[in-house]
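To start, the structure under review is shown below, and the notes come after it.
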Amino acid sequence: MFEMGEEQSCANWIFELLEKAMDEEICKFLVTLWFLWKERNNHQFNNQKLEEWEVVERAQSYLDEYRRAQESDLLPAVPRRRYRWEKPMAGFKANVDASILKDGGTGFGLVIRD
491 MFEMGEEQSC
501 ANWIFELLEK
511 AMDEEICKFL
521 VTLWFLWKER
531 NNHQFNNQKL
541 EEWEVVERAQ
551 SYLDEYRRAQ
561 ESDLLPAVPR
571 RRYRWEKPMA
581 GFKANVDASI
591 LKDGGTGFGL
601 VIRD
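Be aware that the sequence shown starts at 491, since it is given in our numbering, and climbs by one per residue.
Below, the structure written as structure tokens:
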């Protein structure tokens, strides 16, 4: 795909690549670098290692999925139904609500009316 000269630094090679490459190639290159970085962190901190070809395959799969999502038409928004207040039917009505707090506490409420 891209060759790096023997006397060329990695930084210069990347800048040269970014100057000459097509947008598609740049995108693929950057996503692959990102996945390599993620894999390095996964290996370093979680002691899990993928083969190099798996990292590249996952990067390509991610990029393909991203492109499909960008190309697909969005689903049309569901029209909002306008609700109007109506007088409740005769009889009893109960409204209930409950909550669970982060510290483990709970709450409960009940209102009954006729």
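Virtual Cβ for every residue (Gly too), placed ideally from N, Cα, C. If you're wondering where the values come from, they're calculated on a predicted model, not measured in any experiment.
Item                                                                                                          : Value
Bridge partners - L600, DSSP secondary structure assignment                                                   : V586
The region 516 to 525 / the region 545 to 555 touching (three or more Cβ pairs under 8 Å)                     : yes
Where K518 falls: helix, strand or coil (DSSP)                                                                : helix
Exposure label - E576; buried when at least 16 CB within 10 Å                                                 : exposed
Within 8 Å, strictly: CB atoms of C517 and L540                                                               : no
First and last residue of the uninterrupted alpha helix (DSSP H) at L507                                      : C500 to K510
Own chain partners of E529 with C-beta closer than 6 Å, once the 5 adjacent residues on each side are dropped : L540 and V545
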